[in-house]
Amino acid sequence: MADQVERSKIGELRGDPFFIVLTIFMTILLLLFVVYPVASVLITSFRSEGRVSLQNYRDFFRYSYYYRAMINSLILGVITTTVVVIVSFAISYTISKTDLPLKQFLRTGALLPLISPPFIFSLALIIIAGRRGLIYKLTGISTNIYGWPGLIIAQTLSFLPLGFLMVNNVLQSLNPNLEEASLDLGASQVKTLFKVIIPLALPGLFKASLLVFIMSLADFGNPMLIGGGLPIMATDAYNLWIGEQNMEMASVFCVLLIIPSVFVYVIQNYFLKEGSFVTVSGQMVGTERRKISWYIQYPMFLLALFVCLTIFASFTVIFLSSITKLFMINNKLTLEHFSSYAGWKALKNSFMVSTVAAVITSITSIVFSYILVRKKPAGKELLEFIALLGFAVPGTVMGIGYILVFNKPPFLLTGTIAIIILNITFREFPVGLEAGISKLYQIDKSIEEASRDLGASSIKTFITVALPLMSSAFAASFLYTFMVGMITISAVIFLIAPGTNLASLLILRLAETGNIGKASAMAVMLTIIVMISLMLLKQVSKRTNVEVLKGF
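One gets our numbering by counting positions in the sequence shown from 1 and adding 205 to each.
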């Protein structure tokens with residue numbers, strides 16, 4: 206009986222001073238670096254001439270330039286989401302349901318954007334279809350990729366991996382007996398596709414749609430580089446702050462970005478956490494794959510092939526631009542674009558910032574996951590919601606929020622590297638937290654109970670037993686945070702100080718000023734670093750069953 210009482214206390218926070226203090230400390234950090242910035246943005250949006258007012262919101266909906274940015278962002282999000290889901294389904298269907306060749310090529314092409322900076326396709330499109338780009342050089346036809354065409358194409362290619370991973374995971378798990386039953390009952394393949402396969406894949410399609418839509422709304426790099434002056438919420442918030450010092454109206458833009466983001470976050474995490482349709486059972490499934498009709502598989506295959514060829518072409522022109530004097534004008538091979546002092550300094554800064562942020566994120570998120578799962582503090586659900594909030598809020602919001610909070614004493618951090626590190630840390634904190642929670646559910650609690658029964662304190666059990674068992678989650682969190690930190694832009698562009706630069710921001714500025722060769726060289730170096738990180742992350746996930754990018 207005594208043992209049972211003792212063991213029942215192992216999962217309680219009460220009576221454990223060390224973890225009580227640790228929980229309070231972590232809660233304060235989350236309130237300060239996640240909730241406070243978001244709340245400051247919300248409060249600032251209601252300030253006008255030093256008093257609380259709705260005037261900023263009245264101005265937003267009064268002036269067409271302001272609300273046109275919201276309409277454009279919503280239209281862009283809907284179009285991008287629709288195209289990404291259609292292309293993702295075409296690639297996934299071709300890979301999982303047909304006997305057509307080039308499946309590995311299509312899979313690689315769909316996942317390749319994962320290793321690139323988020324706006325690399327805007328840079329590639331400028332090289333290919335800019336006013337004096339590759340198309341003009343080869344055909345003499347002048348094209349203008351700036352504005353709607355470029356934005357839609359760039360966002361579609363950038364966000365394709367997310368849609369593909371989710372849709373492909375669902376299609377791979379569908380029970381083929383359901384399709385066979387439909388065909389055996391006389392339904393055509395077209396009817397089976399629209400009445401069986403697509404309805405069963407709806408949970409994955411819906412999840413992909415929600416996340417791609419929010420990523421489109423929050424996207425900063427592509428509209429800034431190839432938007433052609435088109436009013437877009439994320440970039441206009443930046444211009445309001447930089448160009449007009451109008452923080453109140455910039456905060457209004459941020460609030461209107463937060464609303465759909467948090468809405469989608471709640472649906473994603475609390476209503477779609479489990480699949481709605483179960484099609485995989487414990488029974489053996491043995492069916493012979495039927496040949497798909499040409500009018501179904503070939504259109505999907507051609508669409509998938511065209512998109513993947515575009516992705517490979519984009520990477521190719523970026524690489525060629527990085528190793529030639531002036532691509533398409535002077536094609537003499539050179540490595541001078543890689544010898545930029547400013548470029549290597551920016552890369553060094555990015556490496557340092559990302560490494561420090563990754564270490565802090567990994568340690569804090571793993572500790573907090575242990576508190577939530579093993580100690581079950583009061584208000585656990587609320588604490589988890591707060592911890593995950595940084596991932597749901599667009600980077601533009603967090604950037605402006607950090608400026609508002611840390612621009613005056615007692616938290617004067619503006620202009621320092623520390624504010625960038627903290628921003629990356631708490632934006633990527635949810636990934637480490639989920640990795641830690643996932644790993645703890647795989648670890649039998651009796652291992653820690655045995656340590657306590659042998660006389661070890663809760664602190665010693667945590668350090669000597671739990672932490673070593675959670676090392677794989679630490680590694681996954683570290684690699685993911687490092688990888689994202691190297692290519693992030695939407696939040697840090699608000700926080701960077703004069704004289705300091707990061708690799709992703711330097712690429713954007715070089716591209717904006719027409720220095721395509723150096724921008725491409727920086728993009729190539731970043732791509733190589735991220736690719737190595739992603740391969741290591743894949744190995745960690747494969748060996749430890751800690752999934753960060755499910756389906757990769």
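Idealized CB from N, CA, C, for every residue including glycine.
Bear in mind that the values here come from a model prediction, so they are computed numbers and not experimental data.
Check, Outcome
"Buried versus exposed, by CB contacts within 10 Å (16 or more), K580", "buried"
"Whole-number beta carbon distance between S695 and G637, since they are thought to touch under 8 Å", "The Cβ separation is near 20 Å, so there is no contact."
"Supposed close pair S466, A423 - CB separation, criterion 8 Å", "7 Å"
"Integer Cβ distance of I350 from G335, believed to fall under 8 Å", "6 Å"
"Cα-Cα separation, P436 to A274", "4 Å"
"L707 versus F265: straight-line alpha-carbon distance, rounded", "33 Å"
"Residue burial classification, E172 (beta-carbon count within 10 angstroms, cutoff 16)", "For the chain, the structure presents residues 206 to 757; residue 172 sits outside this window and is missing."
"Limits of the unbroken beta strand (DSSP E) element including L531", "T529 to L531"
"Proximal residues to K530 (C-beta, below 6 Å), its chain only, five neighbours per side dropped", "K537 and T539"
"Sufficient close CB pairs (3 or more, under 8 Å) joining the stretch 315–329 to the stretch 273–288", "no"
"Closest residue to S347 among I333, K553, I357 and W353 (Cα-Cα distance)", "I333"
"Selection from N535, G584, Q450 and R714 that minimises the alpha carbon distance to G548", "R714"
"Cβ contact check for the stretch 587–602 and the stretch 450–466: 3 or more pairs under 8 Å", "yes"
"C-alpha distance - N427 paired with F590, whole-angstrom precision", "30 Å"
"Rounded straight-line distance, which links the Cα of T286 to that of K613", "40 Å"
"Close beta carbons around I431, own chain, < 7 Å, minus the five adjacent residues each side", "S327, L330, I331, I350, Y351, G355, L356 and A359"
"Residue burial classification, G338 (beta-carbon count within 10 angstroms, cutoff 16)", "buried"
"Cross-strand partners of S253 (DSSP beta bridge)", "R256"
"Residues bridged to L538 (per DSSP)", "T529"
"Reduced DSSP category for D817 - H, G, I as helix; E, B as strand; rest coil", "Shown here, the chain extends from 206 to 757; a query on residue 817 therefore has no answer."
"Euclidean distance between Cα positions of E639 and W446", "34 Å"
"Reference Y503; option with closest CA among D304, S677 and Y268", "D304"
"CB contact below 8 Å: Y685 versus chain C", "Given the protein chain composition of this structure (a single chain), no chain C is represented."
"Given T619 as reference, the closest of A702, K396 and M740 once Cα atoms are compared", "A702"
"A455 - containing alpha helix (DSSP H), residue span", "M452 to V471"
"Of the listed residues P242, I403 and L247, nearest to A295 (C-alpha basis)", "I403"
"Sub-8 Å separation of Y607 and L700 beta-carbons", "yes"
"8 Å contact criterion, which I523 and S725 should meet: CB distance rounded", "5 Å"
"Expected contact under 8 Å - CB spacing of S245 and L609 to nearest Å", "4 Å"
"Alpha-carbon to alpha-carbon, S663 and G690", "34 Å"
"Nearest-angstrom Cα separation, counted from F511 out to T569", "44 Å"
"Whole-angstrom C-beta distance between M452 and T249, which should lie under 8 Å", "6 Å"
"Beta-carbon gap between I300 and R312 smaller than 8 Å", "yes"
"Bounding residues of the alpha helix (DSSP H) (the contiguous stretch that carries N427)", "G426 to I431"
"Cβ neighbours of A661 in the same chain (closer than 8 Å, five flanking residues each side left out)", "T669 and V670"
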